[in-house]
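If you count by our numbering, then the sequence shown holds residues 1 to 86, one letter each, in order. Virtual Cβ for every residue (Gly too), placed ideally from N, Cα, C. Working notes for the structure below.
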Amino acid sequence: MATMTLKDVPDELREALKKRAERNRRSLNQELLYCLERFVGIVPASQDEDKAWLQESQAWLKESEKSLMKVWDNSEDDVYHELLQK
């Protein structure tokens, strides 16, 4: 097997991968390999992973909607208030 080195990895990306590896009980190296294999299509996603991704996406959408409604549902802003009344 070959060895690769990643350079200039942003701290945020490294931390996200590290947390993901811990969640999946893998080493950082194993998690990186798994993510790369999924990305290029060598390893298909399991139904559990698809379900988890869908749930996470729906949670983000719900939170986004709440934030938007705080902006849109503002009686002090006549234009948006009128649109909501229709």
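Can you tell me where the alpha helix (DSSP H) holding residue i begins and where it ends?
| i | result |
| --- | --- |
| Ala16 | 11 to 23 |
| Leu6 | Here Leu6 belongs to no alpha helix (DSSP H), and DSSP marks it neither H nor E. |
| Asp40 | Note that residue 40 corresponds to Val in the displayed sequence, not to Asp. Taken as a continuous stretch (DSSP letters only), the alpha helix (DSSP H) holding Val40 covers 28 to 40. |
Assign residue i to one of two classes, buried (16 or more other C-beta atoms within 10 Å of its C-beta) or exposed (fewer than that).
| i | result |
| --- | --- |
| Glu65 | exposed |
| Glu49 | exposed |
| Glu121 | What the structure shows of the chain is the stretch from 1 to 86, and residue 121 is not part of that stretch, so it cannot be assessed. |
| Glu82 | exposed |
Please report the Cβ distance between residue i and residue j, rounded to the nearest whole angstrom; I am assuming they are in contact, meaning their Cβ atoms lie under 8 Å.
| i | j | result |
| --- | --- | --- |
| Ala21 | Leu28 | 5 Å |
| Val43 | Tyr34 | 7 Å |
| Leu17 | Leu32 | 6 Å |
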